[in-house]
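Enquirer: Sharing a structure below in structure tokens format, with a few things to ask.
Protein chains: 4
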Amino acid sequence: MLIQIDFASDLPIYRQLRDQIVIGLATGQLEAGEELPSVRRLAADLGINLHTVHKAYQQLRDEGFLVLDRRSGAVMAKNIPDQPEFQNWLSRQLEPLVAEAICRKMSTNDLQALVRTLDQSMRQLKKDGEMQNE
Amino acid sequence: MLIQIDFASDLPIYRQLRDQIVIGLATGQLEAGEELPSVRRLAADLGINLHTVHKAYQQLRDEGFLVLDRRSGAVMAKNIPDQPEFQNWLSRQLEPLVAEAICRKMSTNDLQALVRTLDQSMRQLKKDGEMQNE
Amino acid sequence: MLIQIDFASDLPIYRQLRDQIVIGLATGQLEAGEELPSVRRLAADLGINLHTVHKAYQQLRDEGFLVLDRRSGAVMAKNIPDQPEFQNWLSRQLEPLVAEAICRKMSTNDLQALVRTLDQSMRQLKKDGEMQNE
Amino acid sequence: MLIQIDFASDLPIYRQLRDQIVIGLATGQLEAGEELPSVRRLAADLGINLHTVHKAYQQLRDEGFLVLDRRSGAVMAKNIPDQPEFQNWLSRQLEPLVAEAICRKMSTNDLQALVRTLDQSMRQLKKDGEMQNE
DNA sequence: GTGGTCTAGACCACA
DNA sequence: GTGGTCTAGACCACG
């Protein structure tokens, strides 16, 4: 799976890394149970600091996406645990974005379409990957 | 309009302030052309520093939401200028959120419904406010 | 002569006023010896403060463009005195602008053309005005 | 690159700093991709406050001249983005200067020559620097 | 009164 | 080490 870091972004590197791994999982580029590169390896490949990769992995573990084991390294979780507050959290993240879309005169339909497109394209990618594996 | 700052949040204060003003504009709690409190006044009301408010106002000005009129202080812009890259920007913001929703097993319908609810409730609030003014 | 103030500009109002009067003089909309409106009158017309107009007039007087007299009010100077350091001053003003033009990949020719156009259009306006008066 | 701050100038320090960096870029004293001193370092060298340098850097970043790389601090941008309204902006800056030159009886030729000299001397400095590097 | 600039000094997140 | 944020308090230009 290709990971691209933008060093000039305002988003911290560890967050970019974390986000891309989540996106990878959503699009099927990463599967449950799949092994991730070691901290060392990934840091070297991306040309970033060990700490940075470690921090991203830690956060993914805290969120239930990743299982860290001394022997088997980093493995994508098989079962992502329910996060009871997830919808509320998501709602809070979405709120300012939706507000800005309204202010920028985006229509309800355009906004819905944008979310739908993102959602469907990711799910489609995942389905394609799964069919290939069968 | 009520503004609430969460000092424990990881989101910087000036960003919380900026976001809430945008939300206020989307929900009609703030209207185009309306005067905002002066930097000093708002800082005192919220118990934060003058510079923090100043920074939020500056950002809103740069984004075209606010006009800093030399005579009357801060005034919500009448015409919010188009931001040519706005949809792309929004898409990039939405991508990791949608990805996480998929990973957390949220259905397409639930996600759509969540966005719809946010969008509609804000637009409704705005419409209510406008009807009251007539 | 029409004067337009932009209250949202970063340029102070008295400077906008001063600049437009100088432009008016360069384009012949104002002539040497012509009377300007009184401070009171102009302030009322533009909807700005007395002090602001006063400050603009003072600066124009200091620069030799305007003669202020208690009886005859404000009169455009007949002979604008030489300002020995003017070329140096102008050069210093121009330097960052030319530098930015270079950085923005504007060609020497385009820059020259831009200055020429501004210069010629003002001089032409002035000549037109003078012919009309004969 | 030598930077000189005039504490008596009416131009704010952060603007002087910003202007001199742009001039440095135009004259080749600063090259695309070159690292700038850290905010702290430059502030100490110039005897000014950290925040003042920070503000200049932020503005340069907003204008596309500077990239604030998370790893290596401040780096001059490789590709300065087009500013669609740049010519209009420049024209507005130039207008009062040209008008004043006309009022001060500067000839079209002298004005053209002045701009040409500034432009050519900066471009020449840049070319010299580039030849030296080969 | 307003916003804008500058200083001084602190703490934090990031790498 | 870096930049980013926040605070406190001062002065100035503008209107």
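Residue numbers (the numbering used here), protein chains in the order written: chain A, 4 to 137; chain B, 4 to 137; chain C, 4 to 137; chain D, 4 to 137. No residue lacks a Cβ here, since even glycine has one placed at the ideal position from N, Cα and C. Bear in mind the structure is a predicted one, so any value in this text is a computation, not a measurement.
DSSP three-state call for B:Leu-33: helix, strand or coil?
Expert: Translated into positions along the second sequence, residue 33 of chain B becomes position 30. It is coil, neither helix nor strand.
Enquirer: Return the chain-ordered ranges of every beta strand (DSSP E) run that is complete within the region 16-98 of chain D and spans a minimum of 3 residues.
Expert: Complete beta strand (DSSP E) runs here, min 3: 69-72, 76-79.
Enquirer: Measure the beta-carbon distance from B:Arg-21 to B:Gln-62 and round it to whole angstroms, keeping in mind my assumption that it falls under 8 Å.
Expert: Here residue 21 of chain B corresponds to residue number 18 of the second sequence, with the count starting at 1. Here residue 62 of chain B corresponds to residue number 59 of the second sequence, with the count starting at 1. Between B:Gln-62 and B:Arg-21 the Cβ distance is about 5 Å, and since that is below 8 Å, they are a contact.
Enquirer: Between the C-alpha atoms of C:Phe-10 and B:Ile-83, what's the straight-line distance to the nearest angstrom?
Expert: Here residue 10 of chain C refers to the residue found at position 7 of the third sequence. Here residue 83 of chain B refers to the residue found at position 80 of the second sequence. Those two C-alpha atoms are separated by around 17 Å.
Enquirer: Considering only residues of the same chain and omitting the five flanking positions on each side of B:Asp-65, which have a CB-CB separation below 7 Å?
Expert: Indexing the second sequence from 1 puts residue 65 of chain B at position 62. So the list is empty, once near-sequence residues are dropped.
Enquirer: Under 8 Å: do the region 123-132 of chain B and the region 48-58 of chain A share three or more Cβ pairs, one atom per stretch?
Expert: Touching, no, given that fewer than three Cβ pairs across the two stretches are closer than 8 Å.
Enquirer: Using the beta-carbon count (16 or more within 10 Å), is D:Pro-87 buried or exposed?
Expert: For the purposes of this step, residue 87 of chain D is taken as residue 84 along the fourth sequence, with counting starting at 1. D:Pro-87 should be labelled exposed.
Enquirer: Output the boundary residues of the alpha helix (DSSP H) element that contains B:Lys-1.
Expert: No information on residue 1 of chain B is available, as it lies outside the stretch 4 to 137 that chain B covers here.
Enquirer: Consult DSSP for A:Leu-5 and reduce its assignment to one of helix, strand or coil.
Expert: Against the first sequence, residue 5 of chain A aligns to sequence position 2. Coil, per DSSP.
Enquirer: Using beta carbons (cut-off 8 Å, strictly below), is A:Ile-6 in contact with chain D?
Expert: Counted from its first residue, the first sequence places residue 6 of chain A at position 3. It does not; no Cβ of chain D falls within 8 Å.
Enquirer: Mapping DSSP to helix, strand and coil, what is B:Ala-102?
Expert: Stepping through the second sequence from its first residue, residue 102 of chain B is reached at position 99. Three-state result, B:Ala-102: helix.
Enquirer: List, in order along the chain, the chain B residues whose C-beta lies closer than 9 Å to that of A:Phe-10?
Expert: The sequence position of residue 10 of chain A within the first sequence is 7, counting from 1. Here the premise fails: no neighbours, minimum Cβ distance about 16 Å.
Enquirer: Out of D:Thr-30, D:Gly-67, D:Ile-16, D:Gly-31, point me to the one whose CA is closest to D:Leu-45's CA.
Expert: Indexing the fourth sequence from 1 puts residue 45 of chain D at position 42. With distances taken between Cα atoms, D:Leu-45 lies closest to D:Ile-16.
Enquirer: When we look at the beta-carbon of C:Asp-13 and count the other beta-carbons within 10 Å, is it buried (16 or more) or exposed?
Expert: Here residue 13 of chain C refers to the residue found at position 10 of the third sequence. Classification of C:Asp-13: exposed, given that the 10 Å Cβ count is below 16.
Enquirer: What does the Cβ neighbour count give for D:Ala-47, buried or exposed, with the cut at 16 atoms within 10 Å?
Expert: Here residue 47 of chain D is taken as the residue at index 44 of the fourth sequence, counted from 1. Result: exposed.
Enquirer: How about B:Pro-15: is its C-beta nearer than 8 Å to some C-beta of chain A?
Expert: Position 12 of the second sequence, counted from the first residue, corresponds to residue 15 of chain B. Taking Cβ atoms only, chain A never reaches closer than 8 Å to B:Pro-15, which makes this a no.
Enquirer: How about A:Leu-117: is its C-beta nearer than 8 Å to some C-beta of chain B?
Expert: The count along the first sequence starts at 1 and reaches residue 117 of chain A at position 114. Yes, A:Leu-117 counts as interfacial toward chain B.
Enquirer: Using the beta-carbon count (16 or more within 10 Å), is D:Gln-23 buried or exposed?
Expert: Here the question's residue 23 of chain D lines up with position 20 in the fourth sequence. Buried, by the Cβ-count rule.
Enquirer: Is there a C-beta anywhere in chain A that falls below 8 Å from the one on B:Val-78?
Expert: Taking the second sequence and counting its residues from 1, the one referred to as residue 78 of chain B is at position 75. No - not a single Cβ of chain A is within 8 Å of the one on B:Val-78.
Enquirer: Considering only residues of the same chain and omitting the five flanking positions on each side of C:Ala-104, which have a CB-CB separation below 7 Å?
Expert: Position 101 of the third sequence, counting from 1, holds the residue named residue 104 of chain C. Taken in chain order, the residues that qualify are Leu-114.
Enquirer: Measuring only between beta-carbons, confirm whether D:His-64 sits less than 8 Å from chain C.
Expert: Translated into the one-based positions of the fourth sequence, residue 64 of chain D becomes position 61. The sequence shown places Arg at residue 64 of chain D, not His. Chain C contact via Cβ: absent.
Enquirer: Check whether chain A comes within 8 Å of B:Asp-131, counting only Cβ atoms and requiring the distance to be less than that.
Expert: In the second sequence, residue 131 of chain B corresponds to position 128, counting from 1. Answer no: the Cβ-Cβ gap between B:Asp-131 and chain A never drops below 8 Å.
Enquirer: Taking 8 Å as the CB-CB limit, is B:Asp-72 close to chain C?
Expert: In the second sequence, counting from the first residue as 1, residue 72 of chain B sits at position 69. Yes, B:Asp-72 counts as interfacial toward chain C.
Enquirer: Taking 8 Å as the CB-CB limit, is A:Leu-69 close to chain B?
Expert: Here residue 69 of chain A refers to the residue found at position 66 when the first sequence is read from its first residue. A:Leu-69 does not count as touching chain B.
Enquirer: Starting from the Cα of B:Val-118, find the closest Cα among B:Arg-107, B:Leu-100, B:Cys-106 and give me that residue.
Expert: Here residue 118 of chain B corresponds to residue number 115 of the second sequence, with the count starting at 1. Closest by alpha carbon: B:Leu-100.
Enquirer: State the CB to CB distance for the pair C:Ala-102 and D:Met-125, rounded to an integer number of angstroms; the pair is presumed to be in contact (CB under 8 Å).
Expert: The count along the third sequence starts at 1 and reaches residue 102 of chain C at position 99. The count along the fourth sequence starts at 1 and reaches residue 125 of chain D at position 122. 6 Å between Cβ atoms; contact.
Enquirer: Return the CA-CA distance between D:Met-79 and D:Glu-137, expressed in angstroms with no decimal places.
Expert: Within the fourth sequence, the letter at position 76 stands for residue 79 of chain D. Within the fourth sequence, the letter at position 134 stands for residue 137 of chain D. Roughly 20 Å separates the two Cα atoms.
Enquirer: Distance check for A:Gln-90 and D:Leu-69, CA to CA, integer angstroms please.
Expert: Counted from its first residue, the fourth sequence places residue 69 of chain D at position 66. Counted from its first residue, the first sequence places residue 90 of chain A at position 87. Computed Cα separation, rounded: 39 Å.
Enquirer: Do A:Gly-31 and A:Lys-81 have their C-beta atoms within less than 8 Å of each other?
Expert: Here residue 31 of chain A refers to the residue found at position 28 when the first sequence is read from its first residue. Here residue 81 of chain A refers to the residue found at position 78 when the first sequence is read from its first residue. No, Cβ-Cβ distance for A:Gly-31 and A:Lys-81 is not below 8 Å.
Enquirer: With a threshold of 8 Å between beta carbons, is C:Asp-22 in contact with chain D?
Expert: Taking the first residue of the third sequence as position 1, residue 22 of chain C is located at position 19. Yes - at least one Cβ of chain D is within 8 Å of the one on C:Asp-22.
Enquirer: Can you pull the chain D neighbours of C:Leu-121, defined as C-beta to C-beta under 8 Å?
Expert: Within the third sequence, the letter at position 118 stands for residue 121 of chain C. Chain D residues near C:Leu-121: Ser-94, Leu-97, Glu-98, Val-101.
Enquirer: Return the Cβ separation of D:Leu-53 and D:Ile-8 in integer angstroms, given the expectation that the two are a contact with Cβ distance under 8 Å.
Expert: Start at 1 with the first residue of the fourth sequence, and residue 53 of chain D comes out as number 50. Start at 1 with the first residue of the fourth sequence, and residue 8 of chain D comes out as number 5. About 14 Å; that fails the 8 Å criterion.
Enquirer: Cutting at 7 Å between CB atoms, please list the residues of its own chain near B:Arg-43, excluding the five before and the five after it.
Expert: Residue 43 of chain B sits at position 40 when you count from the first residue of the second sequence. Within the same chain, B:Arg-43 has close Cβ partners Leu-53.
Enquirer: Does the distance from the C-beta atom of D:Glu-98 to that of C:Leu-97 stay below 8 Å?
Expert: Here residue 98 of chain D refers to the residue found at position 95 when the fourth sequence is read from its first residue. Here residue 97 of chain C refers to the residue found at position 94 when the third sequence is read from its first residue. No. Outside cutoff.
Enquirer: How would you call D:Gln-19, buried or exposed, if buried means at least 16 neighbouring beta carbons within 10 angstroms?
Expert: On the fourth sequence, residue 19 of chain D is found 16 positions in, with the first residue counted as 1. Buried, by the Cβ-count rule.
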